[in-house]
Amino acid sequence: MSTTQIFNSLIESGNRYANSLTEYSRRKTITVNIGDVPMGSDFPIRVQSMTTVDTLDTIGSVEQTIRMVESGCEYVRITAPSVKEAQNLDNIRKELRVRGYNVPLVADIHFTPNAAELAARLVEKVRINPGNYADKKRFETIDYTESAYQAELDRIREKFLPLVKICKEYGTAMRIGTNHGSLSDRILSRYGDTPLGMVESALEFLRICEDENYFNIVLSMKASNTQVMVEAYRLLCKKLNEEGLKPYPLHLGVTEAGEGEDGRIKSAVGIGTLLEDGLGDTVRVSLTEDPEFEAPVAKALIDRYSNRKEKSTIIPSFTSTQHSALSIQNSFDSPINPFQYFRRSTHEVANFGGHNVPRVIADYSQIEVAQHEDLKPIGHFYLPLPDKWTMNDLGADYIYTAQNPAKYMLPMGLKEILDASVWAEQGDKLNKFPLFSIEAYQVAPEKHATLNFLSTSLADLNEALVEQIKADKTLVLVVATNNEHAMPELRRLFFELINQEITTPAVILRKYSDLPESDFQLFSATDCGGLLIDGFGDGILLQLPDLSEKAELITKSKSYNSTAFGILQAARTRMSKTEYISCPSCGRTLFDLQETTAMIRKRTEHLKGVKIGIMGCIVNGPGEMADADYGYVGVGKDKIALYRGQNVVKKSVHADNAVNELIEIIKEDGVWFEPVNDLEL
């Protein structure tokens, strides 16, 4: 049997969710017709976003929609929280057509079936949330009998069926969009707060549609937690295949990703991971910014895959005669559970692996470390008056200086890695660590007693090297690839480490040409974040592009260091700063989300590891703040509800004092500490 035949037979196993884990292959889907812009695998991956203007403001909505279209949006979603907003969708649509814009409109529905039924007659697509379309959330746990649960499904069918029939009659498309934070009490009672619960929430509605022979459907599994989001989409693909349901197109998005760098990195970790596996037919990047800024980010993520198949090289198979059959099987079948997070089992080497958080290594291979100020971009600060060093929450753990050893003793919180040939010449070999090539490692007369780094790629692996790696408990691998399809090749390498029972920690190394900073953030977050989501990686080394000016390199080093920490945080593997779960705003929003988020961030950004949800309306809170420690939710004009977890603490606080009241709640829990104001850390 050929390798291809083995692969084809093994893909039918229980972990299958994509066409291939080793080469780029877009998932085949049915076509969904949405106005004049069809969606599915026979068409390009589409870009979309959502308006933030009040839906009753016809001209404001039209003009914002036009700005969104001109920024790259191919679909525009507009909230319809009640019948009056649904009615006004017709006015918005007509005015757009008069101005020459035929962009398909999508009505966003929560809680109001009557608004959905009206909107389905007026616009090209409706989005419903199965968590609140036919259910009222009371945060109750109910022990259902089988008959009682079936009665609930019958009730849902009765409530949902009119919309299905209208959509079928009018040729309107539908998105069944599950949100992690708004699962119904019924789903939570039976399946828990899990990816399976998210999938079943959508499938309950989807089965009704298929019973009615209505198939013009898009599905989504959105969450603010990137691990949950990725697992849910993967599980959805597996379940559709298992049940013999049609392969519906997927709408990809990370809910409440936030703003700025953090929002972009978090979106790329979640969305990019799925795009790497060929999943996804439309993308919405949810930023707490004006919607016209979302489309370019989505387009940058999508465009990376336009010619991926032609640019990528075939990922090599492990050549061991002893283990080849096992290797081929597991590399395609996946030796991990792709639907639940487990970190790869590793032994501890210094502060790598084991129970240690992934480490950040800053690339100073082109930067001469001659002055104290040179380390400031990577979070290490020298204080002349007390003559001591301090560091902030984004202080790198190691620097890689290659062949340019630091000119002074580094602070205690920072360690140095050198190329092995240069390390061998150092007077102090104890506090510096060597990075070996495979050739140098195999003939080295001297190695560090406790920590050595070995540069490795998938193509390097052979039986002899595997045995050497297993035998050396001082090793940390630095894994790299030049493949355009980088993340899957590195994932394939990690599969091999598992197959060969290698528990050596491994650092992910990625180097890019001198990309625009925005693309660098997105691409590195995809490549590294996709591995971290699967439990792979005990550190990150983002190498700087080849540049000649030290000032430019120093500036880049700050951005690269911040990005590395941002990726670890977005993948939920190392929390180094405050996380803001803020919705992207829409016509339901009851306050200025951008201004409020900036104000809350200014007051709380020193609270490392604390997660704060900032939601514009009750639709997106408290449910959408599923992972938040504290919540700030608009409940009326100038009225804010404050939450501890998903429990409301203060119901109607005036907006002028709401941030102060939020801080008081944090103080009551003993989480608060005063920020350091006398240093620019």
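Numbering-wise (full-length UniProt numbering), the sequence shown opens with residue 1 and increments by one.
Ideal Cβ positions, reconstructed from N, Cα and C, are used throughout, including at glycine.
Since we're looking at a predicted model, the values are computed, not measured.
Beta strand (DSSP E) segment containing residue i, residue limits
i: residue 434; result: 432-436
i: residue 108; result: 105-109
i: residue 419; result: 415-419
i: residue 383; result: 380-383
i: residue 68; result: Unbroken run through residue 68 is the alpha helix (DSSP H), 58-70; no beta strand (DSSP E).
i: residue 309; result: Residue 309 -> not in any beta strand (DSSP E); alpha helix (DSSP H) instead, spanning 308-311.
i: residue 362; result: 359-363
i: residue 509; result: 506-511
i: residue 402; result: 398-402
i: residue 49; result: 46-50
i: residue 388; result: 388-391
Residues near residue i in its chain [Cβ-Cβ closer than 6 Å; skip 5 each side]
i: residue 648; result: 641
i: residue 422; result: 403
i: residue 543; result: 363, 511
i: residue 315; result: 22, 489, 492
i: residue 313; result: 483
i: residue 67; result: 292
i: residue 174; result: 126, 167, 217
i: residue 391; result: 379, 380, 413
i: residue 12; result: A caution first: residue 12 carries a pLDDT of 40, below 50, which makes its placement in the model unreliable, though a value can still be read off. No residues qualify anywhere along the chain.
Buried/exposed call for residue i, threshold 16 Cβ in 10 Å
i: residue 416; result: buried
i: residue 170; result: exposed
i: residue 52; result: buried
i: residue 98; result: exposed
i: residue 431; result: exposed
i: residue 671; result: exposed
i: residue 64; result: buried
i: residue 666; result: buried
i: residue 442; result: exposed
i: residue 15; result: buried
i: residue 567; result: buried
i: residue 153; result: exposed
i: residue 294; result: buried
i: residue 286; result: buried
i: residue 386; result: exposed
Identified DSSP bridge partners for residue i
i: residue 222; result: 179
i: residue 582; result: 614
i: residue 495; result: Partner(s): none; residue 495 has no beta bridge.
i: residue 453; result: 435, 476
i: residue 630; result: 612, 644
i: residue 112; result: Residue 112 is not bridged to any residue.
i: residue 636; result: 639
i: residue 650; result: 642
i: residue 17; result: According to DSSP, residue 17 bridges with nothing at all.
i: residue 539; result: 359
i: residue 79; result: 108
i: residue 217; result: 174
i: residue 349; result: 352
i: residue 39; result: 32
Residue i: first and last residue of the uninterrupted alpha helix (DSSP H) it sits in
i: residue 599; result: 593-604
i: residue 147; result: 146-170
i: residue 26; result: No alpha helix (DSSP H) contains residue 26, which DSSP labels as neither H nor E.
i: residue 659; result: 655-668
i: residue 126; result: Careful: residue 126 lies outside any alpha helix (DSSP H), inside the beta strand (DSSP E) at 125-128.
i: residue 201; result: 195-211
i: residue 470; result: 463-471
i: residue 518; result: 517-533
i: residue 185; result: 185-191
i: residue 294; result: 294-303
Neighbourhood of residue i by C-beta, 8 Å cutoff - its chain only, sequence neighbours within 5 removed
i: residue 30; result: 40, 215, 246, 247, 248, 249
i: residue 427; result: none
i: residue 60; result: 53, 54
Neighbourhood of residue i by C-beta, 7 Å cutoff - its chain only, sequence neighbours within 5 removed
i: residue 638; result: 654, 655
i: residue 603; result: 659, 663
i: residue 599; result: 659
i: residue 279; result: 18, 27, 233, 237, 250
i: residue 93; result: 105, 122, 123
Continuous beta strand (DSSP E) assignments of at least 3 residues falling wholly in the stretch 244-290: Entirely contained in the stretch 244-290, not one beta strand (DSSP E) run reaches 3 residues.
Jot down the residue ranges of each uninterrupted alpha helix (DSSP H) in the stretch 545-573, minimum 4 residues, whole runs only, in chain order. Counting whole runs of 4 or more residues, the stretch 545-573 contains the alpha helix (DSSP H) stretches 550-570.
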